[in-house]
Structures are given as C-alpha cells and as structure tokens.
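> Questions regarding the structure given below will be posed in turn.
Protein chains: 2
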Amino acid sequence: MDRTLQQRARATRRALLEAAASLFAERGYAGTSVNDISTRSGRTSGSVYFHYASKEGVALAVVQDRFATWPDLSARYADETVPPLDRLVALSYDIAHALSGDPVTRAGARLWAERETVNTALPDPFALWTAAATRLLAQARSTGHLAPHVHPARTARTLVRAFFGLCSLTEALEGAATVPDRLTDWWHLTLPSLQPAPLPPTAPGEAPRGA
Amino acid sequence: MDRTLQQRARATRRALLEAAASLFAERGYAGTSVNDISTRSGRTSGSVYFHYASKEGVALAVVQDRFATWPDLSARYADETVPPLDRLVALSYDIAHALSGDPVTRAGARLWAERETVNTALPDPFALWTAAATRLLAQARSTGHLAPHVHPARTARTLVRAFFGLCSLTEALEGAATVPDRLTDWWHLTLPSLQPAPLPPTAPGEAPRGA
Chain A
1 MDRTLQQRAR ATRRALLEAA ASLFAERGYA GTSVNDISTR SGRTSGSVYF HYASKEGVAL
61 AVVQDRFATW PDLSARYADE TVPPLDRLVA LSYDIAHALS GDPVTRAGAR LWAERETVNT
121 ALPDPFALWT AAATRLLAQA RSTGHLAPHV HPARTARTLV RAFFGLCSLT EALEGAATVP
181 DRLTDWWHLT LPSLQPAPLP PTAPGEAPRG A
Chain B
212 MDRTLQQRAR ATRRALLEAA ASLFAERGYA GTSVNDISTR SGRTSGSVYF HYASKEGVAL
272 AVVQDRFATW PDLSARYADE TVPPLDRLVA LSYDIAHALS GDPVTRAGAR LWAERETVNT
332 ALPDPFALWT AAATRLLAQA RSTGHLAPHV HPARTARTLV RAFFGLCSLT EALEGAATVP
392 DRLTDWWHLT LPSLQPAPLP PTAPGEAPRG A
C-alpha cells in the first residue's frame, strides 16, 4: 500500500520534472509558470508545490537530474577495452547529442545560462563532465596514451569549457544539425595535442609522413 | 550652429549608449528600463526614445557598437612585421580582456546570451572575430606559418566558438581574474595544431629542435 503510494509519488515527481524541463528548454525560466508546468504534466499546481515547493525548486531538480543520469553514462565509459582518448571523444559526441535533443539536458543548459534570473543557486552543471574527462585523461596517462606534458585535471577543465562553447554557439548560429561536424573540426584541432609520440623521424629516402 | 547641434546629439547618443551598456552588463536586458537608462545617463527618457526609438533600439546599438570598435583593433593586428599566429594569440588576450572589463563588450555578450528576451533580431557578434581570425590564418598560410591541413575559415569558426565558451564559462565559474591563465592553457592545447612543421627529423648527433 505504502509502496503503491511511493510509486505514484515518484511517477508524479518525474512527470512534473519532465514537463518543466521541456518548458524551460523551450521558453526559458522566466517564460514558464507553475501553471504551465501543471497544464503540460496533467497534474495540479498543488502537486508542483507539494513535490518541489516552488518554481525554483523544480529548476534546481532539473539541473540536478542531469547529474543523476551521469552514473549510467559513466558506466558505459568505464569500458577499459577501449582506449581512454577514444572514450573521451565518444563521450563528447554523446553529450553534444543530449544537448541538442534531450529535454532535461537542454533545460539544464538553458537554466544555467539564465541562472541570474533564477532565484536560487544552481549547481555547476559542468563539474561532472570535468570529473569524467579528468578520469579518462588520467587513465590515458597511466596506459601511455597521453602526451607527457598534459595535466589531466587542468586539461579536462579547458576541454569541457571549450567544448560547451563550441556546441552552444554552433547550435545558436547554425542549428543543432551541424553540431557533430563542428565537433569533428574541433577534435581535429585538439586531439593531436593530447596524443603522445609526435611523428617519428623520417629516415632518408622515406616519404615524410602526412605527405 | 548645425555643427554644435550635431556634436551635442552625438554626445547624447554616446552617453545613452554607455549608460545602457553598463546597465545591460550588470542587470541584463529585462532588468533594465528606459527610465534606468535615463537616470544613469543624466538625460531624459524622451531622449532615449528620440535617439533610439525604444529599449530594443538601444540594445541593437550596443551590439552594433562592438563591431564599430573593431576597425581600430584590426588596424593594430594588421602589423605585418609580427607573425600572424602571434597576432592571433595577442588578439585573443585583448578580446578576453574586453569581455572582462569593457562595459560595451560585456553588454554585447550578455545581450547576445539573453537574445531570446530581446524583442528584436541582434546581429551575430562573433562574425567580426571570425573574419579577423580567418584573415590572420590566411596570412599565416601565405607566409608559411600554418600547418598545411588547416583551413583558415573553418578553423577560425572553431577557434572563436571554443574561445568564447572558454572565456565565458571561466568567468562564470571562477571569476574574470582567472581568464588569462585559462586562455593560456587553451592555447597550449590548440596552437600546436596550427603550427607547421612539427619537429624535424633529428639527425644522429644533432640536438633536437626545441630542446
């Protein structure tokens, strides 16, 4: 009995969160009311206040939910049969895809961009990406797949910020469909600096590599 | 006589634009009223309407003004005695500095971030940076200072977006004072891919270049 009530409460919380996320992603924080969340979710306004206390509370839950989905993604990127830098690149395409298509991820990014209009402190949504990238770079280092001058934590921080700027400006200026191509351009510029062992010396009579 | 009136009108327009820029940078578009612009500039609200027609009109002028200051900057970066990639790097630090400290540049960036709340189409504020970066990369190519696989326009687009993400996220997460250090981290990752001729083959007995 308790169990059924708990399940129903969880389903309501989730329906409210998803309705709010799609509204925040489309209209922004200021453009979304508790009433809109109620209408889109098919729940009452009272249930928004009951489960999240306020519109700020829902916004906070939406940003935190982005974090909650990370253990799943991380598990996938814990596959140690794949070289760590390959997992890092694959992860970036997955996140770019979520930023373009997943309402909760989109809402999290938009709420963060509009954080000055939200009346509560939002957690840094980049902390988990940075932690995941740091872990992969550290693995690359310990398996000899990282250029020796690359510092995992510092480089992860740089990569995440540049990556996020690239994805969000590309979507704003050219639309979401071009993001994967621009991401490829960016990796072409960035990946060589992460990889160890530059071109080997060319022996006389041998064609130079890359020619 | 006409001349004096024109000068006075120009001074008023400028005072209104600078007052509006500092308010937009601090409080955002929605948080700034025509009345606030009038108060801060010491001009009447009527003069805002007379010179810019509306709050949207002032916002548009602020974003366009960022463009207007570019010919000065570009002139400085037309100094062909300095290698083009060095000028590109120097330019990036100057823009990062303006993004942290110049009210009109800050206002332009914030208005662009909040463009969905502004009731008028704003020009792409990145077009001129991209054009400047493209020109410098093309010069680097024609003077043999660019890696052969680097396409100037495509690479300029990638660099500007990643650069802007890096600066704006760094400022948001760590404050403006850390931006130059993070920019240096980013150039360490990015510049090697732009430079031509990796280390030449080391002949036996010869010291490797860069050692």
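So the protein lines, in turn, are chains A and B.
Residue 1 is where the first sequence starts when you use my numbering, and the numbers rise one by one after that.
Residue 212 is where the second sequence starts when you use my numbering, and the numbers rise one by one after that.
All residues carry an ideal CB built from backbone N, CA and C; glycine is no exception.
Do we get a CB-CB distance below 7 Å when we pair A:Trp-186 with the residues of chain B?
yes
> Shortest alpha-carbon distance to A:Gly-46 belongs to which of A:Arg-13, A:Ala-21, A:Ala-75, A:Ser-22?
A:Arg-13
> Can you check whether the CB of A:Leu-85 is closer than 7 Å to the CB of A:Val-48?
Cβ atoms of A:Val-48 and A:Leu-85: not closer than 7 Å.
> Looking at the unbroken alpha helix (DSSP H) that takes in A:Phe-163, where does it start and where does it end?
That run of the alpha helix (DSSP H) goes 152-174.
> The alpha helix (DSSP H) with A:Tyr-52 in it runs from where to where?
Unbroken alpha helix (DSSP H) run through A:Tyr-52: 45-52.
> Taking its Cβ as the centre, do 16 or more other Cβ atoms sit within 10 Å of A:Ser-168, making it buried, or is it exposed?
buried
> Can you give me the start and stop residues for the alpha helix (DSSP H) that B:Val-329 sits inside?
B:Val-329 -> no alpha helix (DSSP H), and no H or E assigned at all.
> In chain A, what lies closer than 9 Å to B:Asp-297 by C-beta?
Per Cβ cutoff of 9 Å: no residues; B:Asp-297 is ~18 Å from chain A at best.
> Could you work out which residues of chain A lie near B:Ser-404, taking near to mean beta carbons separated by less than 9 Å?
His-188, Leu-189, Thr-190, Leu-191, Pro-192, Ser-193
> Evaluate contact between the stretch 360-373 of chain B and the stretch 178-194 of chain A, counting only Cβ atoms and requiring at least three cross-stretch pairs below 8 Å.
Two segments are said to touch when three or more pairs of C-beta atoms, one from each, lie closer than 8 Å; by this definition the stretch 360-373 of chain B touches the stretch 178-194 of chain A.
> If you reduce the DSSP assignment to three classes, tell me which class A:Ser-33 lands in.
coil
> Below 9 Å between beta carbons is the criterion; list the residues of the stretch 143-166 of chain A that meet it against any residue of chain B, in chain order.
Answer set for the stretch 143-166 of chain A: His-149, Val-150, His-151, Arg-154, Thr-155, Arg-157, Thr-158, Leu-159, Val-160, Arg-161, Ala-162, Phe-163, Phe-164, Gly-165, Leu-166.
> Mind pulling the chain A residues with CB within less than 8 Å of B:Glu-327?
Under the 8 Å cutoff, chain A gives Gly-28.
> Note down, in chain order, each residue of its chain lying with its Cβ closer than 7 Å to the Cβ of A:Gly-108, except the 5 sequence neighbours on either side.
Annotation for A:Gly-108: Val-62, Val-63, Arg-66, Pro-125 place their beta carbon closer than 7 Å to its own, counting only its chain and skipping 5 residues before and after.
> Give the secondary structure of B:Phe-337 by DSSP, where H, G and I count as helix, E and B as strand, and everything else as coil.
coil
> Report yes if the CB atom of A:Val-160 is closer than 7 Å to the CB atom of A:Leu-194, and no otherwise.
Not in contact: A:Val-160 and A:Leu-194 (Cβ atoms no closer than 7 Å).
> Can you give me the C-alpha to C-alpha distance between B:Pro-359 and B:Tyr-288, rounded to a whole angstrom?
23 Å
> Any beta carbon from chain B within less than 7 Å of A:Leu-169's own beta carbon?
Interface residue, yes.
> In angstroms, rounded to a whole number, what distance separates the CA positions of B:Val-293 and B:Ser-353?
14 Å
> How many angstroms separate the CA atom of A:Thr-170 from the CA atom of A:Ser-100?
Taking the straight line from one Cα to the other gives about 11 Å.
> Around the Cβ of A:Arg-110, are there at least 16 other Cβ atoms within 10 angstroms (buried) or fewer (exposed)?
buried
> Measure the C-alpha to C-alpha separation of A:Leu-91 and A:Arg-182 and round it to an integer number of angstroms.
15 Å
> Which value, in whole angstroms, describes the spacing of the CA atoms of B:Ile-306 and A:Thr-178?
26 Å
> If you reduce the DSSP assignment to three classes, tell me which class A:Thr-81 lands in.
Three-state DSSP puts A:Thr-81 in coil, outside helix and strand.
> Thinking C-beta only, is A:Gly-175 closer than 7 Å to A:Glu-114?
no
> Listing by chain order, which chain B residues have their CB less than 8 Å from the CB of A:Phe-126?
Leu-380, Leu-384
> DSSP state of A:Glu-206, grouped into three classes?
With a pLDDT of 49 at A:Glu-206, under the threshold of 50, the modelled position of that residue is not reliable, and the figure given next carries that caveat. Residue state, collapsed to three classes: coil.
> So, is B:Gly-376 buried or exposed, given that buried needs 16 or more other C-beta atoms within 10 angstroms?
buried
> What residue range is occupied by the uninterrupted alpha helix (DSSP H) comprising B:Pro-391?
Note, B:Pro-391: alpha helix (DSSP H), 390-405.
> Suppose contacts are defined by Cβ-Cβ distances below 7 Å. Is A:Thr-117 in contact with A:Ala-19 by that definition?
no
> In whole angstroms, give me the CA-to-CA distance for A:Arg-209 and B:Pro-407.
Since pLDDT at A:Arg-209 reaches only 47, below the 50 mark, its modelled position is unreliable, and the value read off the structure follows with that caveat. So the alpha carbons of these two residues sit roughly 14 Å apart.
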